[in-house]
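Trainee: Quick one: structure below, then a few questions.
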Amino acid sequence: MIVGDSKPLEEILSMIEGRDKVLVLGCRGCVTVCNVGGEKEVGILASALRIARKKDGLPPTVDEMTLERQCDPEYIEELAEVANKYDAIVSIACGVGPQFVAERFGDVAVFPGINTTFIGGALEHGVWAERCQSCGNCLVHNFGGLCPIARCSKSLMNGPCGGSDSGNCEISPDVPCVWDQIVKKMAVMGRLEELEQVWPNKNWLTARDGGPRKRVREDLKQ
Amino acid sequence: MKAGSNLEKMLSAGHFAVTGELGPPQGNNVEEVRHKASFLKGIVESVNITDNQTAVVRMASWAASKILIDEGLEPNYQMVCRDRNRLALMADILGATALGIKNVLCLSGDHQRFGSHPESKNVYDLDSVQLLAAFKKMRDEGKFLNDKDLDGSPKLFIGAASNPFADPFEFRVTRLAKKIAAGADFVQTQCIYNMDKFRLFMKQAVDRGLHEKCYILAGVTPMKSVGMAKYMAKFVPGMDVPEAIVKRLQGVDKKKQGAEGIKMAIEQIEEFKQMEGVAGVHVMAIEWEHRAKEIIEGAGLLPRPVLD
């Protein structure tokens with residue numbers, strides 16, 4: 001899923017300063033699952049904004065709404081009748097949400113209420129970690145099912161580097177060295193010799209480096 | 223001869239080679255480069271010029287390398303994959319060789335989170351193994367990575383680094399083998415303090431015949447003090463400083479710890495001279511360039527052999 005972090009309340013208050021009517025807009029997709037942008041978090045943020053604005057003598061009108069998804073035009077359309085009632089829409093979906101709202105409603109000011117951090121998963125309740133960099137050409141099967149592009153701090157395809165220390169990355173003892181894990185996993189699988197080959201240069205054209213990406217499925221297009 | 227550098231000539235003639243190291247200044251202080259270089263002149267075959275080492279911005283390695291050439295020394299141009307993509311790496315090696323640089327050392331580079339600009343974007347378009355392969359292709363095939371012909375191909379003696387003390391240990395010799403397969407003509411190791419582990423590493427390398435495919439230079443950094451030993455043991459990733467090293471330094475008067483560190487380095491080099499598969503020594507006297515001569519001389523490696 002896409003994982004995010006709430007922006008500090010002060011930052012959001014500062015973004016919407018001078019705007020009377022505010023809508024906090026949640027999403028029932030990934031950000032609901034990672035507890036940062038669903039209906040519950042919409043309620044929490046809206047209350048916090050109301051209290052803070054009331055304290056400062058500002059208009060406390062902060063409404064709440066949560067869409068099925070903010071990355072799909074059909075759900076964004078649900079805003080059509082209400083969008084122009086607001087001076088500010090604070091989207092707490094991933095970075096796609098504010099943009100889809102902004103693209104659909106030309107005259108509405110949209111603000112991001114969360115920071116989109118990574119594509120990852122939950123390691124345990126309340127802990128998420130990055131797993132994918134969406135490079136557009138998945139190779140994990142060659143590395144014991146673990147991704148060196150997303151999980152090695154240097155995206156090395158021929159690791160581990162000289163900074164791998166007791167299973168941890170040189171950047172921090174809190175960051176596991178994925179190459180240490182890859183070597184151990186391949187050894188357990190009896191496939192260590194596969195790591196003897198020199199992996200050639202990666203073609204980054206399929207990644208963000210090739211420019212913004214778009215996918216067209218002719219079989220699904222109407 | 224691949225490049226005909228002093229280092230390549232010395233190694234291919236079978237001499238025990240000696241290389242040094244020089245860190246460029248955090249500014250464009252040319253005199254500082256010349257000053258440090260003056261201590262290394264005539265006592266080493268080649269001087270590694272570090273490339274934004276520890277991810278701290280410094281005078282460009284190629285430029286400091288050129289200053290050394292002008293001073294009559296031979297540089298070993300270090301290049302890290304952290305700061306530039308394949309376009310810049312290829313462009314820089316073409317420029318560097320055009321300026322007379324003949325040796326290059328291909329490195330991944332310390333992550334920038336350690337350094338002076340931790341908020342910067344990291345590149346790592348290629349990794350160090352792929353960089354070795356890229357330069358070998360440019361030299362041997364006269365082609366860019368896209369297979370287009372070069373207008374003048376770089377004559378290079380290509381080097382790699384190896385850290386026998388990083389984890390997982392069982393994979394370190396394999397990674398060295400990968401670097402050699404990719405294009406390394408010579409290898410310089412990380413600073414060695416754990417001699418037991420290094421002996422084991424070299425045995426594995428020799429068992430695989432790697433010493434016959436590539437020249438392996440053992441890395442030596444003299445300890446200046448107990449403080450330095452403790453710092454390296456604790457804070458430098460991938461560094462293996464056994465407790466016995468710290469204890470030995472603690473056993474001498476504080477003023478004599480530097481001399482003891484130099485004595486230890488000399489003892490190490492004496493062993494490397496006899497160790498199967500070790501073709502030379504890489505003396506990294508970090509901010510201690512003026513003491514390098516004591517070490518090299520003390521190890522009986524001066525004067526350096528004269529080549530034709």
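These protein sequence lines map, in sequence, to chains W and H. In this text, residue positions in the first sequence follow this note's numbering: the first is 1, and each later residue adds one. In this text, residue positions in the second sequence follow this note's numbering: the first is 223, and each later residue adds one. We put the CB at the ideal spot given by N, CA and C, even for glycine. Keep in mind it's a predicted model, so treat the numbers as computed, not measured.
1) Check the DSSP bridge columns for residue 329/H and list the partner residues they point to.
2) By the criterion of Cβ-Cβ separation under 7 Å, what are the contact partners of residue 198/W in chain H?
3) Which residue comes first and which comes last in the alpha helix (DSSP H) that contains residue 52/W?
4) Report, in whole angstroms, the separation of the C-beta atoms of residue 387/H and residue 183/W, which I expect to be a contact under 8 Å.
5) Cβ atoms of residue 315/H and residue 376/H: under 8 Å apart, would you say?
6) Beta-carbon separation of residue 499/H and residue 424/H under 8 Å?
7) Quick check on residue 298/H - is its C-beta less than 8 Å from some C-beta in chain W?
8) What is the residue span of the beta strand (DSSP E) that residue 141/W lies within?
9) Might you give, ordered along the chain, the residues of its own chain that have their beta carbon closer than 7 Å to the beta carbon of residue 96/W, omitting 5 neighbours on each side?
10) Name the DSSP bridge partner or partners of residue 365/H?
11) With distances taken from CA atoms, which of 336/H, 325/H, 234/H is nearest residue 459/H?
12) According to DSSP, is residue 30/W part of a helix, a strand, or is it coil?
13) Looking only at its own chain, which residues have a Cβ that is under 7 Å from the Cβ of residue 348/H, when we skip the five neighbours before and after it?
14) With a floor of 3 residues, list each beta strand (DSSP E) that falls wholly inside the stretch 431-503 of chain H, ordered by position along the chain.
15) In the stretch 204-215 of chain W, which residues sit with their C-beta less than 9 Å from some C-beta in chain H, listed in chain order?
16) Here's the rule I'm using: 16 or more other beta-carbon atoms within 10 Å means buried, otherwise exposed. How should residue 18/W be labelled?
17) According to DSSP, is residue 256/H part of a helix, a strand, or is it coil?
18) For a test of the three-state rule: what should DSSP assign to residue 114/W, helix, strand or coil?
19) Quick one: Cα of residue 186/W to Cα of residue 144/W, how far?
20) Touch check for the stretch 198-207 of chain W and the stretch 422-439 of chain H: three-plus C-beta pairs under 8 Å?
21) Taking 8 Å as the CB-CB limit, is residue 183/W close to chain H?
22) Within a Cβ cutoff of 8 Å, which residues of the same chain sit near residue 493/H, ignoring the five residues on either side of it in sequence?
23) Helix, strand or coil: which one does DSSP assign to residue 227/H?
Mentor: From the atom records:
1) 302/H.
2) The contacting residues are 351, 355, 400, 403, 404.
3) 39-55
4) Actually they do not touch by this definition, with Cβ atoms about 16 Å apart.
5) yes
6) yes
7) With its beta carbon at least 8 Å from every one in chain W, residue 298/H lies outside the interface.
8) Run containing residue 141/W: none; DSSP gives neither H nor E here.
9) Taken in chain order, the residues that qualify are 70, 71.
10) 371/H
11) 336/H
12) It is helical.
13) Within the same chain, residue 348/H has close Cβ partners 303, 308, 311, 356.
14) 437-442
15) 204, 209
16) exposed
17) Taken through DSSP and simplified to helix, strand or coil, residue 256/H comes out as helix.
18) strand
19) 6 Å
20) Result no; under three Cβ-Cβ pairs closer than 8 Å.
21) Residue contact with chain H for residue 183/W: present (Cβ-Cβ distance below 8 Å to some residue of chain H).
22) 417
23) coil
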